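What the sequence shown shows, in our numbering, is residues 42 to 159, in sequence order. Single-structure report; data block below.
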Amino acid sequence: MIIAIPVIENNGENSQISEHFGHSPFFAFYDTEKDELRIENNPLEEHGPGDVPNFLHSKGVNLIIVRGIGQRAISFFEQLGIKVIRGASGSVKDLINAFLENKIEDKEYQVKEKFHNH
């Protein structure tokens, strides 16, 4: 399984989750089978509807853990078979450990900083 987490910095497992998934400067990718973490630049900070879900799908992502996300983006992820866990906070290490220990749950989160006009 490949887990994606939008992050605000490229600081390995200590990178902090971004407020809004699509406009994060980086994505952390964790492969549960290989126990391998990599962080990549987000090539789509400026994007159209569905661009980021399609990008993550092309990377083999099965699950995205986010802080804030719109309903339209969730629909795109669901259509691609990618599960979304919302309302998360903390570092990549904390979030991955919480997921692996089945201690993370999806919860509503209102984004404090809006990037889209909808």
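Beta carbons: idealized from backbone N, C-alpha and C, even for Gly. Keep in mind it's a predicted model, so treat the numbers as computed, not measured.
Under DSSP, H61 takes part in a beta bridge, and its partners are G109.
The residue among Y150, L121, D92 and I46 with its C-alpha nearest the C-alpha of I80 is I46. Straight-line measurement puts the Cα of D92 at about 11 Å from the Cα of S99.
For P47, the enclosing beta strand (DSSP E) has its first and last residue at I43 to V48. In the DSSP assignment, A139 falls within the unbroken alpha helix (DSSP H) covering V133 to L141. Under the three-state reduction of DSSP, L85 is assigned to coil, being neither helix nor strand.
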